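Just add 29 to wherever you are in the sequence shown, counting from 1, and you've got my numbering. All residues carry an ideal CB built from backbone N, CA and C; glycine is no exception. These numbers come from a predicted model, not from an experiment. Beneath this line is the structure, given in structure tokens, with notes to follow.
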Amino acid sequence: MERLNVNPTRMMLTSLKKKLKTATRGHKLMKDKRDELMKEFLELAKENGRLREQVEKSLAVVYDNFTWASAIMSSEVMEESLMYPKQGVSLQVEEKNIMSVRVPIFSFETSAHDEENIIPYGFARTSGELDNAIEGLSNIFPLLLDLAAKEKEVSLLAAELEKTRRRVNALEYVMIPRLEMTIKYIAMKLDENERGNQTRLMKVKDMMLTEAIEDRRKKNAEAMERAI
30 MERLNVNPTR MMLTSLKKKL KTATRGHKLM KDKRDELMKE FLELAKENGR LREQVEKSLA
90 VVYDNFTWAS AIMSSEVMEE SLMYPKQGVS LQVEEKNIMS VRVPIFSFET SAHDEENIIP
150 YGFARTSGEL DNAIEGLSNI FPLLLDLAAK EKEVSLLAAE LEKTRRRVNA LEYVMIPRLE
210 MTIKYIAMKL DENERGNQTR LMKVKDMMLT EAIEDRRKKN AEAMERAI
């Protein structure tokens with residue numbers, strides 16, 4: 030992995046250390062979020078599977094009743110019986126927040142005057158299987174809405190979980206190691222420069238000391254010559 034292309038200065042070293050601290054803290058928070066999302070996702074997936082199984086079993090019964098009704102009744106009578114429904118439904122969509130993910134909540138209201146009487150036809154030309162099918166659909170409708178909300182919630186949580194997982198991996202395996210490598214490189218460069226400066230200072234000090242000794246020696250020699 031390549032380090033960052035920066036100038037090895039103390040100011041840059043301080044800046045990168047702050048970035049590393051922020052990245053490390055962000056990694057921990059994102060990792061905690063990923064774990065919580067995974068927990069929520071697994072629980073929701075289990076509940077969604079249970080609800081789907083329940084809905085499929087109920088729908089199978091409804092389809093069987095419709096099949097029997099179609100076999101007993103003519104298609105014209107079937108279409109005429111179901112042409113004008115007796116009950117209307119209005120759907121409302123709200124939202125809730127799960128780990129920064131906004132998921133839908135479905136609810137509905139019926140517009141019939143008598144909610145118990147949902148059969149839109151007379152009983153003279155129709156079969157009991159059609160009555161059972163319509164009642165079954167009416168009972169299963171809230172489960173279908175709940176299943177639709179759960180399916181959407183699973184999809185949104187899965188997308189957020191994947192996005193969070195990529196961010197965690199990017200921080201853990203790319204950004205943080207690159208920052209650490211660059212910080213280590215700058216620290217080594219600064220230490221090297223510091224040792225170089227100390228070596229130069231020692232050499233200058235030795236040169237100045239040598240010159241001072243030489244000057245003292247010359248002065249002593251001149252004093253001895255004048256004394257003679």
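For the alpha helix (DSSP H) that residue i lies in, which residues bound it at each end?
| i | result |
| --- | --- |
| E82 | 39–101 |
| V28 | Any property of residue 28 remains undetermined from this structure, which presents the chain solely from 30 to 257. |
| M107 | 104–110 |
Alpha carbon to alpha carbon, how far is residue j from residue i? Give it in angstroms, no decimals.
| i | j | result |
| --- | --- | --- |
| M217 | E201 | 23 Å |
| P206 | D61 | 20 Å |
| A52 | R196 | 11 Å |
| Y214 | D220 | 10 Å |
| A250 | L238 | 18 Å |
| K234 | H56 | 50 Å |
| T193 | I134 | 24 Å |
| I242 | M236 | 10 Å |
| N222 | L230 | 12 Å |
| K125 | K75 | 20 Å |
| L174 | V122 | 10 Å |
| R224 | K232 | 12 Å |
| D244 | T228 | 24 Å |
| I163 | R54 | 57 Å |
| E254 | K248 | 10 Å |
| R81 | L88 | 10 Å |
| T155 | K68 | 50 Å |
| V203 | E85 | 46 Å |
| E105 | F137 | 31 Å |
So, for residue i: in the same chain, excluding its five sequence neighbours on each side, which residues have a beta-carbon less than 8 Å away from its beta-carbon?
| i | result |
| --- | --- |
| L73 | K179, E182, V183, L186 |
| E65 | M128 |
| L172 | L80, Q83, V84, S87 |
DSSP beta-bridge partners for residue i?
| i | result |
| --- | --- |
| Q121 | S136 |
| N126 | R131 |
Within the same chain, show all residues whose beta-carbon is closer than 7 Å to that of residue i, passing over the 5 residues directly before and after it, in chain order.
| i | result |
| --- | --- |
| I212 | L42, L45, K46, L49 |
| V35 | M41, T211 |
| S99 | M107 |
| L33 | R207, T211 |
| L166 | V91 |
Within the same chain, show all residues whose beta-carbon is closer than 6 Å to that of residue i, passing over the 5 residues directly before and after it, in chain order.
| i | result |
| --- | --- |
| E158 | N94, W97, A98 |
| R131 | E124 |
| T139 | Q116, V118 |
* **beta strand (DSSP E) runs wholly inside the stretch 211–246, at least 3 long, in chain order** => Correct list: empty.
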